[in-house]
Amino acid sequence: MPYILLPLTKSPWPRGRIGPPQMQDWYGSLNTCLSLLKKYEPSKILILSSFQAAGELSEIEWYQWALEDLSIPSEDVLYISQAKETSEQIEIASSLAKEQDAELIIISTFLHYPRAQWLCRGKGFRHCVGWGIPRPKEALTDIVLTFVFPVLDLLGQKEWFKNKVATRRGRGKH
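Start counting at 1 in the sequence shown, then tack on 138, and there's your number in my numbering.
Dropping the structure here:
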C-alpha cells in the first residue's frame, strides 16, 4: 500500500521566528517526513497550501526550498496549491489518499498536534510529530486553539472558523 505523508504547514517565513530555518518546528516536520519516506515505501510527501503572507514567498515555495535543502528528490513530493487552513488540508489529503488507495500519515508540530489530533479523530490516520522551535506568536495561538477549536467544532462552528481564517489569509495575513 502506498503512503501519503502530509506535513501540516506552519508559516515558514523567518519574520518573527527565533533561530535558523533548520531549527524551526516546520522544518522539523520535514525531517520527520524524511525519516518516514525512508521507512514506508512507496510514499510521497504532500505539500498542500495556497497561502502566501504579504511580502513573503508562498508556503509552498518555502517548503520546496527546505525539501531541496534536505536533499529530498522532487519525484518524492507532490505540491498542491489548495487550502489555507489545517482542517482543509486534512480533508483534501484524506480524499486524495482514498482516491489513490493510500494510507495517510499526518505530521504536525508539537503545539499543533492536539488540534490536528482532534481533526483526525476516528479517521484511522497515523499522526507523527516534528520537533523544533515554534514562532512565539503561533505558539500562543496553537495553545489557545487546543481548547477553543474543539468547542467551536462541537458547537457546529467549524465552517465559520474556516471562513474567518480563509478571509484573513486571503488578504495575506496570518
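Backbone N, C-alpha and C define an ideal beta-carbon position, used for all residues, glycine too.
Exposure label - residue i; buried when at least 16 CB within 10 Å
{"i": "Arg273", "result": "buried"}
{"i": "Gly193", "result": "exposed"}
{"i": "Asp163", "result": "buried"}
{"i": "Thr305", "result": "exposed"}
{"i": "Glu237", "result": "exposed"}
{"i": "Leu205", "result": "buried"}
{"i": "Leu242", "result": "buried"}
{"i": "Leu175", "result": "buried"}
{"i": "Arg155", "result": "buried"}
{"i": "Lys148", "result": "buried"}
Rounded straight-line distance, which links the Cα of residue j to that of residue i
{"i": "Asp207", "j": "His250", "result": "24 Å"}
{"i": "Glu197", "j": "Ser167", "result": "14 Å"}
{"i": "Tyr201", "j": "Gly294", "result": "32 Å"}
{"i": "Thr284", "j": "Gln190", "result": "24 Å"}
{"i": "Asp280", "j": "Phe287", "result": "10 Å"}
{"i": "Glu199", "j": "Arg259", "result": "30 Å"}
{"i": "Arg264", "j": "Leu292", "result": "23 Å"}
{"i": "Lys296", "j": "Leu257", "result": "10 Å"}
Best match in the options for proximity to residue i [C-alpha to C-alpha]
{"i": "Trp88", "options": "Leu283, Arg253, Ser246", "result": "Given that the chain is displayed from residue 139 to residue 312, the structure contains no residue 88 and the question cannot be resolved."}
{"i": "Val267", "options": "Ile185, Pro145, Val303, Pro140", "result": "Pro145"}
{"i": "Lys275", "options": "Leu143, Pro150, Pro140", "result": "Pro150"}
{"i": "Gly262", "options": "Pro288, Val286, Ile244, Lys302", "result": "Ile244"}
{"i": "Ile142", "options": "Phe287, Glu226, Leu234, Lys302", "result": "Leu234"}
{"i": "Leu172", "options": "Met161, Leu186, Ala277, Ile210", "result": "Ile210"}
{"i": "Glu223", "options": "Ser187, Met139, Trp298", "result": "Ser187"}
{"i": "Ile299", "options": "Glu226, Leu278, Asp239", "result": "Here the sequence assigns Phe to residue 299, which means Ile is not the residue at that position. Out of Glu226, Leu278, Asp239, Glu226 has the C-alpha closest to the C-alpha of Phe299."}
Neighbour flag for residue i against chain D, beta carbons, 9 Å
{"i": "Gly270", "result": "Checking the listed chains, one finds no chain D in this structure; it contains a single protein chain."}
Check your understanding: If you pair each beta-carbon of the stretch 171–189 with each one of the stretch 208–221, do three or more pairs fall below 8 Å?
Key -> The stretch 171–189 vs the stretch 208–221: in contact.
Check your understanding: At what residue ranges does the stretch 195–231 contain a whole run of the beta strand (DSSP E), taking only runs of 3 or more?
Key -> The DSSP assignment places 215–218 as complete runs of the beta strand (DSSP E) inside the stretch 195–231, in order along the chain (cut-off: 3 residues).
Check your understanding: Considering only residues of the stretch 220–293, which uninterrupted beta strand (DSSP E) runs meet the minimum length of 3 residues and lie entirely inside it, listed in chain order?
Key -> As far as the stretch 220–293 is concerned, its whole beta strand (DSSP E) runs of at least 3 residues are 241–247, 264–268.
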